[in-house]
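In the numbering used here, the protein residues as written are 861 to 1114. The next block holds one structure in the form of structure tokens; read it before the comments.
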Ligand code: PGA
């Protein structure tokens, strides 16, 4: 099996002290270089936690703005992310789209700005329950992928991880079945192939996200088009996160 990328999205959770204790506990473990492990923390903890970062651990934020600066109260720029020593962001998470008015267009602007600043991106996409019931999931995904990646060149693709996160599976405890998650990731790969060609598309890391936990991660990671997971709730507990790293480690070792 090729590389696996496991990313924890803490969302708006934890105190600073809890965050520091988590990262220290995580760093007691070692994992294969074929396993990428990342934690995406609340922006206000970015700076104090950046100082705890080591080579093996990716630390990133859950959002950043597409403008370099100006009158955007409550926001921070990609340059600021870099300024505090971080080089990863999650963009287009469904909670940002749902509660903070992000659109395919703003997500696209953010991805382009991140790339121009040398910041790596986890770009999230996925359909609502209503859209799935109407069997529109592929249509929605196609729009999100095509518009989100508009004007992004093949050479930049290696800096983008795409996370397929069906909204009905996020925080609900009900994950997509392995085969359903695989079908959608295979469809993303197909869309990337159409846009960038087979070689570039094959290299893109695709994660599944939505109620991933130690009990279901193995089956998901064994799917041919799933190269990792974006984990919310189950990334808050260090033992559960370590358990998933152990499972991922066994798989890359195979
Ligand atoms: P969940 O969240 O694992 O709690 O479902 C995933 C996410 O929103 O990235």
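Note that CB positions come from ideal geometry on N, CA and C, so glycine has one too.
Of the listed residues the options, nearest to residue i (C-alpha basis)
| i | options | result |
| --- | --- | --- |
| residue 1092 | 1079, 893 and 1074 | 1074 |
| residue 964 | 931, 1011, 914 and 990 | 1011 |
| residue 945 | 905, 930 and 960 | 905 |
| residue 1055 | 1013, 999 and 1107 | 1013 |
| residue 1103 | 885, 875, 877 and 879 | 885 |
| residue 960 | 939, 934, 977 and 978 | 934 |
| residue 908 | 916, 929, 939 and 876 | 876 |
Close-in-space but distant-in-sequence residues of the same chain around residue i (CB under 7 Å, 5 per side omitted)
| i | result |
| --- | --- |
| residue 1018 | 1063 |
| residue 991 | 997 and 1000 |
Sub-9 Å separation of residue i and residue j beta-carbons
| i | j | result |
| --- | --- | --- |
| residue 1080 | residue 1038 | yes |
| residue 920 | residue 949 | yes |
| residue 902 | residue 922 | yes |
| residue 883 | residue 898 | no |
| residue 924 | residue 973 | yes |
| residue 1044 | residue 997 | yes |
| residue 1107 | residue 1077 | yes |
| residue 975 | residue 1016 | yes |
| residue 1088 | residue 931 | no |
| residue 940 | residue 926 | no |
Same chain, Cβ closer than 8 Å to residue i, five either side skipped, listed in chain order
| i | result |
| --- | --- |
| residue 1051 | 1001, 1002, 1005 and 1006 |
| residue 1008 | 952, 964, 967, 968, 971, 983 and 985 |
Rounded Cβ spacing between residue i and residue j (contact assumed at less than 8 Å)
| i | j | result |
| --- | --- | --- |
| residue 1072 | residue 1094 | 6 Å |
| residue 1030 | residue 954 | 6 Å |
| residue 1069 | residue 1090 | 3 Å |
| residue 1041 | residue 1086 | 6 Å |
Beta-carbon contacts of residue i that lie in its chain and below 6 Å, excluding the five residues immediately before and after
| i | result |
| --- | --- |
| residue 863 | 894 |
| residue 1176 | The structure shown does not extend to residue 1176, since the chain is modelled only from 861 to 1114, so the question has no answer here. |
Problem - the stretch 1015 to 1026 / the stretch 981 to 992 touching (three or more Cβ pairs under 8 Å) - result: yes
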